[in-house]
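Protein sequence lines, in the order shown, are assigned to chains A and B.
Position 188, counted from 1, in the first sequence is what the working numbering calls 188; the numbers after and before it change by one each time, with no gaps.
Each position in the second sequence, counted from 1, maps to that position plus 1000 in the working numbering.
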Amino acid sequence: MTTISEGISALPPAPGPFDTVRRILFRSPTVIAATVMIAIFVVVAALAPWLAPYDPLAQSMLKINKLPSWENWLGTDQFGRDVLSRMIYGARNSLLFGFISPVLAAIFGTLLGVVAGYFGGYTDRIISRVVDLLLAFPELLLAILIAAVLGGGFWNIIAVITVAFIPGFARVARAQTLSVKQEPYVEAAIAVGVRTPIIILRHIVPNIMAPIVALMTLWVASAIRLEASLSFLGIGTQAPNPSWGNIIRDGLNSLFGSPWPIIGAGAAITIVVLAFNLVGDAVRDALDPSTAR
Amino acid sequence: MARYLLLRLADAIPTILLVLTLVFIAMRILPGDPALAALGDNALPEQIAEFRERMGLNVPLWQQYLNFMGGVFTLDLGSSLLKNTPVITLIAQNLPYTIELTLVAMAMGIVAGIPLGVIAATNRNKLPDNGVRVFSLIGYAIPDFYLGALLLITFSLNLGWFPINGAGEGFVDRLYHVFLPALTLAFVKAAFLGRLTRTSLLEVFGKDYIRTARAKGARENRVIYRHGLRNALLPITTGLGLSLLSTLSGSVAIELVFNRPGIGRLLISAIAERDYAVIQGGVLVFAMFVVLINLLMDLVYVVVDPRVKVQ
């Protein structure tokens, strides 16, 4: 005879959050390599003042457009600034925008989507109409159009990328809310008279987080690309502050100088975006099995 | 079918009005006085007043809204502050180049991407499939302006095979000028379409009718193209629409890299020069393109898949 307690102990222990993270990151050698790559870039960005051999803003008339050498590993730009130092400081900008904007967009987008899904009616109709319309725009185009009106600068870029991402989160959150709303525990909470904000925060939001978190990790890469594109177009990080995007812009403006600023900064963007894409895919596959291929 | 087309067209009208309204709100209500932005902080009060009158900013907001809507429908978008040219003329001059770049890039992307997807799907988990996977991972990660800059440095500056800037004159010369910029955009398109074609084909290959076709002895090519690809077309069509939109947004940076005329470069230089009316015109053109391409996509669905019905 098996006892009930034996039946319970035969179940595997519930996975903690740490187990989930471990399961995602150690899935395959590619994902491990991507994680290590991201870690390296994060360390470089964090330790920029100690790692950068020169001041990224220091100009020198004596070394304009120099090719790579022992003194300047990636050469210098048209103002004689050390390209490697600018790239190291540029990593700060890229990663900062890459992390902040998806988180902010997730917060505002989830809020909008939950409100639309939970209340329904005219609220839902108005929010959904605008969200659907904005979803028709590619994020890059939406970001360019908003930046065209707002202009560049740190907070404006955060706002631009955040707004470009909000519709995606709102749509996912709304769809999830619609299905969670039907669950018995939500109906029970309504029946016993729990206040609406509490229902939303305690019962709905925690239960729709998995796809939101998956989307958030996927969009870190997009945010880094967006910031680079906007800075390249001159409506992102403003000169003289370094960003991978405007290092390429400066490089193109002095095309007959050294090509190394362009090659270096572009390779950095490509590697970081590739790494975040790989990790993002792994997180999505782990948290949202329906989309796994 | 005709009913569907009419309904879909009617549905586009409120969307267009909503887009116009959002553009109006963005241009007028967001922080920053356009007069101050255009003239600088040191502008005299008289200059600001004159600017506001010239731009029609001195009347109540609702009247500005009506003027704006009226202007859009009569194609009167004001005129450029710096060039003293009507905005609509500037758009008309630049639009053909952007359309040319987008269409050539799309064509190149389709010609490369769909066969890549077919090769990957028919050689699943073998060398060609892995090759296509690596190609599409890189295509997803590399910024198009970086790829453009690399191509420009290699093939135009160092090898001298292609022109450094401009758009050329006459058919052949224009194709010659558009080749490298279009190739840049097509690379990303091919990565996206290749992966999409692979996924949709593999899905179709699992269907019963494919097994039936093979069982009755149809040749493999017929199974792949006639039974497989034909049925994988619907998701690919969606992908084509999305990729047309992203080609359009990518064209902005590419026009800058290759120093080509176009709406993207018009908009970006207007932002740098704070040319209010031109910024508004550029934003409008892109927004309208998005609405029209989405409408077009919906219409193409009906042609590709007659099962699509009006909701």
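Ideal Cβ positions, reconstructed from N, Cα and C, are used throughout, including at glycine.
On a predicted model such as this, the values are computed, not experimentally measured, just so you know.
Report yes if the C-beta distance between residue i and residue j is below 8 Å; otherwise report no.
i         : j         : result
Pro138/A  : Met216/A  : no
Thr1184/B : Leu1137/B : no
Thr1085/B : Ile1263/B : no
Ala116/A  : Asp124/A  : yes
Leu1157/B : Val1132/B : no
Ala1149/B : Thr1247/B : no
Met1288/B : Gly1241/B : no
Phe165/A  : Ala105/A  : yes
Leu74/A   : Leu84/A   : yes
Gln78/A   : Gly236/A  : no
Val186/A  : Ile199/A  : yes
Asn277/A  : Ala1092/B : no
Gly88/A   : Ala46/A   : Note on identity: in this sequence residue 88/A is Ile, with Gly being the wrong assignment. No, Cβ-Cβ distance for Ile88/A and Ala46/A is not below 8 Å.
Thr177/A  : Ile146/A  : no
Val213/A  : Leu287/A  : yes
Val295/A  : Arg225/A  : For chain A, the structure presents residues 1 to 293; residue 295/A sits outside this window and is missing.
Name the DSSP beta bridge partners of residue i, please?
i         : result
Asp82/A   : Thr76/A
Ser1079/B : Pro1086/B
Judging by CA-CA distance, which residue of the options is the nearest neighbour of residue i?
i         : options                                       : result
Ser1079/B : Thr1237/B, Glu1255/B, Leu1245/B and Ala1277/B : Ala1277/B
Asp1011/B : Phe1286/B, Arg1124/B, Leu1295/B and Thr1154/B : Leu1295/B
Pro1181/B : Gly1117/B, Leu1103/B and Phe1051/B            : Leu1103/B
Gly1139/B : Ile1236/B, Thr1212/B and Gly1194/B            : Gly1194/B
Arg1211/B : Ile1224/B, Thr1199/B and Ser1200/B            : Ile1224/B
Leu112/A  : Ile144/A, Ala170/A and Ala147/A               : Ala170/A
Asp1076/B : Val1087/B, Leu1240/B and Ala1215/B            : Val1087/B
Gly109/A  : Pro211/A, Ile64/A and Asn93/A                 : Pro211/A
Glu227/A  : Lys63/A, Phe41/A, Gly90/A and Leu252/A        : Gly90/A
Leu1081/B : Ile1293/B, Gln1280/B, Leu1292/B and Leu1175/B : Gln1280/B
Ile144/A  : Gly234/A, Ile224/A and Leu274/A               : Gly234/A
Thr1089/B : Arg1124/B, Gly1282/B and Phe1286/B            : Gly1282/B
Pro68/A   : Pro259/A, Leu47/A, Leu278/A and Tyr54/A       : Pro259/A
Asn93/A   : Tyr54/A, Val42/A and Ala58/A                  : Val42/A
Gly958/B  : Asn1221/B, Phe1187/B, Asn1231/B and Lys1216/B : Coverage of chain B is limited to positions 1001 through 1311, which leaves residue 958/B absent and any answer about it impossible.
Val1019/B : Leu47/A, Gly251/A and Val131/A                : Val131/A
Glu1273/B : Pro167/A, Val180/A and Ala148/A               : Ala148/A
His1177/B : Ile1016/B, Arg1003/B, Phe1024/B and Asn1259/B : Asn1259/B
Label residue i either buried or exposed according to how many other C-beta atoms from any shown protein chain fall within 10 Å of its C-beta, with 16 as the threshold for buried.
i         : result
Leu1284/B : buried
Trp219/A  : buried
Thr76/A   : buried
Pro29/A   : exposed
Pro240/A  : exposed
Tyr1209/B : exposed
Pro206/A  : exposed
Val36/A   : exposed
Leu1007/B : exposed
Glu1255/B : buried
Asp19/A   : exposed
Leu1266/B : buried
Tyr118/A  : buried
Phe1145/B : buried
Lys1189/B : buried
Val192/A  : exposed
Gln182/A  : exposed
Thr1074/B : exposed
Gln1063/B : exposed
Leu1175/B : exposed
Ala1191/B : buried
Ser229/A  : buried
Trp244/A  : buried
Ser1249/B : buried
My output table needs one value for residue i: the three-state DSSP class, helix, strand or coil.
i         : result
Pro1235/B : helix
Pro167/A  : helix
Asn1221/B : helix
Arg284/A  : helix
Glu1273/B : helix
Met1/A    : Only weak support is given to the placement of Met1/A: the predicted model assigns it a pLDDT of 45, under 50, and the value that follows is read from those uncertain coordinates. Of the three classes helix, strand and coil, the one that applies to Met1/A here is coil, per DSSP.
Lys63/A   : coil
Tyr118/A  : helix
Phe1289/B : helix
Thr1074/B : coil
Thr237/A  : coil
Phe26/A   : coil
Asn1123/B : coil
Glu1100/B : helix
Pro1163/B : coil
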